[in-house]
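Chemist:
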Amino acid sequence: MHLGIDASRATAAHRTGTEHYSLRLTQALLAQSGTHNVTLYFRQPPPTGLFNSGQQRLIPFPRLWTHMRLSWELLTRPPEVLFVPAHVIPAICPVPAVVTVHDLGYRYFPDAHPLTQRLYLDLSTRFSARAAKHILADSEATKRDLTKFYGTSPEKISVVYPGRDETLTRMDAAAMRAKYNLPEKYLLHVGTLQPRKNLLRLIEASTLHASRFTLVLVGRAGWLSEPILAAARAANVRWLEFVPDEDLAGLYSGAEAFVFPSLYEGFGFPVLEAMACGAPVICADTSSLPEVAGDAALRVNPLDTAALAAAIERITTDAELRAALITKGYEQVKKFSWAKAAQKTWAVLEQAAQK
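For the sequence shown, the positions run -16 to 338 when the numbering used here is used.
(1) Return the chain-ordered ranges of every alpha helix (DSSP H) run that is complete within the segment 104 to 154 and spans a minimum of 4 residues.
(2) In this structure, how does DSSP classify Y24 when only helix, strand and coil are distinguished?
(3) For M154, which of G261, D148, A290 has the nearest alpha-carbon?
(4) DSSP on D228, reduced to helix/strand/coil?
(5) Which value, in whole angstroms, describes the spacing of the CA atoms of A112 and T175?
(6) For F252, tell me which candidate among E149, L47, L106 has the shortest Cα-Cα distance.
(7) Just curious, the beta strand (DSSP E) that T(-6) is in, first and last residue?
(8) Alpha carbon to alpha carbon, how far is V84 from T362? Give it in angstroms, no decimals.
(9) First and last residue of the beta strand (DSSP E) that includes L65?
(10) Output the distance between the C-alpha atoms of P77 and R184, rounded to the nearest integer angstrom.
(11) So, with DSSP's three-state summary, where would you put A156?
(12) Among the candidates T288, K311, S122, E303, whose CA atom is the shortest distance from the CA of A324?
(13) CA-CA distance, H50 and A74?
(14) Can you tell me whether H(-15) is helix, strand or coil according to DSSP?
(15) How is the alpha helix (DSSP H) around A292 delimited, first residue to last?
(16) Mind reading off the beta-carbon distance from R221 to V199? Whole number of angstroms is fine, and I expect it under 8 Å.
(17) Given A158, which residues of its chain have a CB within under 8 Å of its CB, disregarding the five upstream and five downstream residues?
(18) How many Å lie between S5 and T299 at the Cα?
(19) Using only the alpha-carbon positions, how far apart do P273 and R282 sit?
(20) L119 and P62 look like a contact to me (Cβ under 8 Å); what is the Cβ gap, rounded to whole Å?
(21) Starting from the C-beta of V331, find all residues in its chain whose C-beta is less than 7 Å away, skip the five residues before and the five after it, and write them out in chain order.
(22) Measure the alpha-carbon distance for H192 versus R147 and round it to whole angstroms.
(23) Could you tell me the alpha carbon to alpha carbon distance between G88 and L57, rounded to whole angstroms?
(24) Enumerate, from N- to C-terminal direction, the unbroken beta strand (DSSP E) stretches of 3 or more residues contained entirely within the segment 179 to 253.
(25) Taking the Cβ atom as the reference point for each residue, do P43 and R26 lie within a distance shorter than 8 Å?
(26) What is the rounded straight-line gap between the Cα of A257 and the Cα of A306?
(27) Taking DSSP as the reference, what is the three-state secondary structure of V82?
(28) Apart from the five residues on each side of it in sequence, which residues of its chain come closer than 6 Å, Cβ to Cβ, to G205?
(29) Mind the definition here: the segment 315 to 329 touches the segment -2 to 17 only if three or more C-beta pairs lie below 8 Å; say whether that holds.
(30) Mapping DSSP to helix, strand and coil, what is R40?
(31) Helix, strand or coil: how does DSSP classify I72 here?
(32) Could you check the C-alpha separation between K131 and T197 for me, to the nearest Å?
(33) So, with DSSP's three-state summary, where would you put H19?
(34) For E248, tell me which candidate among W321, A276, E224 has the shortest Cα-Cα distance.
(35) Using only CA atoms, which one of S36, R(-2), I72, P68 lies nearest to R52?
(36) To the nearest angstrom, how far is the alpha carbon of S245 from that of A292?
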């Protein structure tokens, strides 16, 4: 089988969840490609060594790359199947396509997205859900949302859980505390600063524990981040805007707790990353997070600031609970691997190739 993969999002310098998924799953698919022929399509040259196999097709184009340049490539040099790991199928796609839809958060929280982005996400998701031969969803929550909002048949959707970064493990945190000038005890959140992450409530809840812990936010400023940054400054919250991937394990390992009260997540990679590094986790009891965290996290209603503050109190004072959550976290992360995700994705792709 000749598989084409839209790898354009896998080369992003600063990767969010979607870019991380695109990179790691593409790498895992290549590792299991066997006799299959794989072509990777790029808008920009990938860094040397990022992909060690597969044919690489660099097809630069200034604007509308997916719908114009990739469409033309598929028309002139068609693979047997196209895999789009990042949401958007080309407008002209003459071959069977499998697409991953990560989340439909814009349908639940429209005000958390710029209008143009919201319209594009809605139109492109609706089109992709209709045009795809099969859809991968990161979670049962996303599968339900596709059926709810776009009427997609459940039989057309397969839930394939993403993997986790297995290089992230518990380590001595002293070096990271020194590098970032952090106190001995801190609460940690990792993710883009945007309304969907529910950071205003997290900052408010953390102020009740400010005498014992500093809240540390790791992530770039996103859409409507100004109120979050203002609240963070007023509450003496530490903001680390740019943290290289190799420093994350040390930051997770040193945290008294990892707190992730997001209003909506298609998956929630940081929850697994924190667990893998031995940090006890508090997360929201919404969307995909119960699937990701299982019983290895203290789950709360993200709209209840008092409940969030109480969870912080409990997880930082109850030694027995902390130990239990850390142990369960180590077991929970074993359920997720890129090798498993790639194996299940190959099965879907091979089925899609059958006319």
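Glycine included, C-beta positions come from ideal geometry on N, C-alpha and C. Here the structure is a predicted model, which means the values were calculated and not measured.
Modeler: In brief:
(1) The DSSP assignment places 123 to 133 as complete runs of the alpha helix (DSSP H) inside the segment 104 to 154, in order along the chain (cut-off: 4 residues).
(2) It is a strand residue.
(3) Put simply, of G261, D148, A290 the residue whose alpha carbon is nearest the alpha carbon of M154 is G261.
(4) It is helical.
(5) 27 Å
(6) E149
(7) T(-6) -> no beta strand (DSSP E), and no H or E assigned at all.
(8) Since the first and last residues shown for the chain are -16 and 338, residue 362 lies out of range.
(9) Note, L65: beta strand (DSSP E), 64 to 67.
(10) One alpha carbon belongs to P77, the other to R184, and they sit about 47 Å apart.
(11) coil
(12) S122
(13) Each residue's CA atom was taken as its position, placing H50 and A74 some 5 Å apart.
(14) strand
(15) 288 to 300
(16) 5 Å
(17) Once the five neighbours on either side are set aside, the close Cβ partners of A158 are G233.
(18) Rounded to the nearest angstrom, the two C-alpha atoms are 35 Å apart.
(19) 8 Å
(20) Not confirmed; about 17 Å, so no contact.
(21) The residues are V81, H117, L119, S141.
(22) 31 Å
(23) 30 Å
(24) 197 to 201, 221 to 223, 240 to 243
(25) yes
(26) 14 Å
(27) strand
(28) T175, L176, Q177
(29) yes
(30) strand
(31) In the structure shown, I72 sits in coil (DSSP, three-state: anything other than H, G, I, E or B).
(32) 40 Å
(33) coil
(34) A276
(35) I72
(36) 15 Å
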